[in-house]
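Report on one structure; see the data block that follows.
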Amino acid sequence: MVKRITTFVLGIVVYLTGCDFIHLNGWFIVVVFAIGLFSCMRAYVFFFLGGMVWVVSWGLWQSGGQLPSALEGQDINLRGIVTGLPVGDKSRIKFDLNVLSSEQSAVPEKIRLNWYNPPEAIKTGQHWQLTVRLKKPHGYANPGGFNYEQWLFIQDIGATGYVRSRSPEIRLMASKNKIFSADWRQDFQALLARQIGDSPYYGIAEALVIGFKGDINAEQWQLFKKTGTIHLMVISGLHIGLIGAIVYFIVLKGVTVFTCLSVAPPRVAALVTIVAASSYAALAGFTIPTQRALIMLVAIMLSVIWQRHSRTFRVLFLALLVVVMINPLSTLSPGLWLSFLAVWLIQYVVTARLKPVGYLRSAIKVHFVLMIGLMPLLIAFFQQFSLLSPIANFVAVPLVTFWIVPLLLLAVITSLFSDTLGLFVFKFVEVGFDFLLTWLSFLAQRDFLVVHLANPNPVYWLLAILGAMVLMMPRGLSNRWLGVVLLGPLLWAVPEKINRGEYRLTLLDVGQGLSAVVQTATHVLIYDTGARFSSGDIGERVVIPFLRFNNLKHIDVLMVSHSDNDHSGGVQSIVNAMDVKSIVASEPKVWRGRQASICQQGQQWQWDGVTFSVLSPGIKQFSSGNNNSCVLKISSSSGSVLLPGDIELQREILLTKQQREQLKVDVLIAPHHGSNTSSSEEFLSAVSPRWVLIPAGYRNRFKLPRHEVLERYHRYGISAFNVSKTGALTVDFRADKFYLSAYREHQKRCYESPLAVFIRF
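Here the sequence shown stands for residues 34 to 794, where the numbers follow this note's numbering.
The structure is reproduced here in structure tokens:
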């Protein structure tokens, strides 16, 4: 059974990760099918194909719930009920809405909305009649970045948008039956706010009780990320398992001691455990990690109820099957594999290797095995491995498991009857939080224990998995040292080499803004950093993950073209997180106590045979900050590129008069995001690029790039590429040639075009 489940899941994974190959090579399906017909592996082959068929069927069903392109940007009247926990404040709130009725039948059943300056507090369970504008799920598409579109798809959210400011919003009467309403999660949130709303740990308490992480402050998030303890803030197997274990043993002892039932006490305890764990999962909003953990626990408890003594490994694989049957896309989630592998490793240690020894020694061995066993996956998914993590978790896991969470839940329950008693228990919870954050802060200062690695080669990754398995073999086996050798290629892998005289330009997808990364053989330049928002900035969301994905550990020059937010908003985060040697800007500014030097016409330097020249601003200054942007030209024997920032017509005319010969390049980053105030006829004639790359946001409010500008590019024979459609654009200038690649082309969303393979075949 385990082997068949494995091949079924493998079929899902192969389709989702290799659909490009399958789409282009229809013979792959024929070969696999033939193997199934004419070999002794028939059953496994059909389970493998069954996994593919299942993900295709599921994808077809899900894709029908996406917003049609024809409805994007249209005013739509609808009625719906607020679900989940709204996030935000009085000026802006974000919430999910289950659509009950709409004037457009094609509106998805579940949408995510922003409401600016709502007339009242938005709460779970409210019914509203609204006018909204929607768009298809869309997110930034960059190497190393978070896949927001995939996340929305998994959450079954078919559109995002906002409530129109002139909307004739009407609050409708909701059901008064509290038992079946969804606002009880919000009641618990209000209880926490009333009791410990002023505590610095309020956000963490929310995360551990109701699964809402929106109030954890940025410093705390960074601390959990750096120390590898962020999993403790996500209600998952650890928390569900804890509740299950506590309830099971309390009920088991109580039933055994105080009652005489005809039903076996373990069965009663298992049934009550399922109810308690399900209630906690519901309190957490039935998130994907919570569902996985609950399925696993229910599978174990059912084996107790039915008195089936199944092996833990078999139960684990049955739980995996149920998870992927419910949502095949969960196989793309790092959390799925990390959680199941962690459970498997712990079971392996407990049953296969360890003799009864002291708790401390057992715990140390379990942590060591988890560190080695999870290392290949952590590097593959996150391009980093923290030696802090096992040290931090050695204290944090038991502290959260046996002190903070039980007392926190006890405090919530007692607060339902007595605020005074609940507050008394909360004091003990805060003691645990104090110790936890003090411990993590101490470790976080040891930066050298966090290792960032290059995006792993699949071969190196497979060797590392084999190496981890060898290291975890029983102690008596010889040649376990080979495990270290097999781990070596992954731990000491280097990024793809760029030769002298060559360079790579990556225009990142940052929405309505600009950020580009230039790499030579041994140097890195960043041109602009995208925007800053109330919830964070592009530097931390896009630029830093991209740098770490490519194992770029330092920045030689951070050039900020001008001070507009959509170009400079991410500077602070980048300076805080990375080793930045020099900051260059168009005006004197200070970031983290560091004064930026001024870019000026005539500045020039060379890195590894690649020339960098500043063409503007010169002596002539304009009142508009856009026209004073740093204009940078990069050139080598392989090709050239011009980054003009947000310059407009006045600066373009001045450049064509003073430096016309210098302007000619192969690749142009569209001035001012494709605005009609830029890309003038004379400027395009002087630059004469082959390609123009447009840094514009998807369906941005400025409607950039302008249609007139696109027509102008076409008239001059310039091929235009918009990052909002292509994702990050990478131009490799190599050996007297240059190549363009688009991130979305290499990361096709197989789940959104599930029949492509069969249509092609």
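Where a beta carbon is used, it is the ideal one built from N, C-alpha and C, also for glycine. Bear in mind that the values here come from a model prediction, so they are computed numbers and not experimental data.
- Restricting attention to F716, I38, L773, V742, the CA atom closest to the CA of G84 is found in I38.
- Residue pairing for Q417: DSSP places it in a beta bridge opposite H485.
- Per DSSP, the continuous alpha helix (DSSP H) segment holding P322 begins and ends at 321 to 338.
- When the Cα atoms are used, Q634 and L271 turn out to be separated by approximately 59 Å.
- Sequence-distant Cβ neighbours of N733 in its own chain, meaning closer than 6 Å and more than five residues away, are Q545.
- The shortest C-alpha to C-alpha distance from K736 to any of G106, L49, F319 is the one to G106.
- For I203, the uninterrupted beta strand (DSSP E) segment begins and ends at 203 to 205.
- By the CB criterion at 8 Å, K666 and Q691 fall outside the cutoff.
- A302: member of the alpha helix (DSSP H) spanning 298 to 316, first to last residue.
- Each of N755, V623, G244 was checked against the Cα of A775, and the nearest Cα belongs to N755.
- Nearest in C-alpha terms to Y195, of all of R166, L773, S619, Y181, is R166.
- Taking the Cα positions, E685 is about 26 Å away from L773.
- Out of S372, R300, Q137, the CA that lies nearest to the CA of I328 is found in S372.
- Close CB contacts of I437 within its chain, under the 8 Å cut and outside five residues either way in sequence, are with L241, V462, G465, F466, L469 (chain order).
- The residues D679, E681, in chain order, have a CB closer than 6 Å to that of N659 in the same chain once the five nearest residues on each side in sequence are set aside.
- Here the alpha carbon of D189 sits roughly 36 Å from the alpha carbon of L420.
- Between T320 and A314, the alpha-carbon positions lie close to 8 Å from each other.
- Residue pairing by DSSP leaves I249 without any beta bridge partner.
- Assigned with DSSP and collapsed to three states, P650 falls in coil, not helix or strand.
- A contact is defined here as three or more CB-CB pairs under 8 Å, and the region 529 to 542 fails this definition with respect to the region 134 to 141.
- When secondary structure is reduced to three states using DSSP, N150 falls in the coil class, being assigned neither helix nor strand.
- H600 carries a helical assignment under DSSP once its states are collapsed to helix, strand and coil.
- If you compare the alpha carbons of D589, P677, C632 with that of V613, the shortest gap goes to D589.
- Secondary structure at D129: strand, using DSSP grouped into helix, strand and coil.
- Non-local beta-carbon contacts of S422 in its own chain, meaning distances under 6 Å to residues more than five positions away in sequence, involve G261 in chain order.
- Of the residues assessed, G750 falls on the exposed side of the cut-off, its CB having fewer than 16 other CB atoms within 10 angstroms.
- For L515, same chain residues with a beta-carbon under 6 Å away, outside a window of 5 residues either side, are V503 in chain order.
- Here DSSP, grouped into helix, strand and coil, assigns F735 to coil.
- Fully enclosed alpha helix (DSSP H) runs of no fewer than 4 residues occupy 577 to 582, 598 to 601, 604 to 610 of the region 549 to 634, in order along the chain.
- By the Cβ rule, the region 246 to 264 does not count as touching the region 272 to 285, because fewer than three pairs are nearer than 8 Å.
- Sorting I631, S630, S646, A629 by C-alpha distance to the C-alpha of Q637 places S646 at the top.
- Comparing C-alpha distances from G651 to each of T644, V643, D641, S662 shows the shortest one belongs to S662.
- Distances from the alpha-carbon of I412 to those of V357, A719, A425, L496 put L496 closest.
- Boundaries of the beta strand (DSSP E) around K666: 664 to 669.
- In the structure shown, D108 falls within a strand segment according to DSSP collapsed to helix, strand and coil.
- Residue pairing by DSSP puts H160 in a beta bridge opposite I114, L205.
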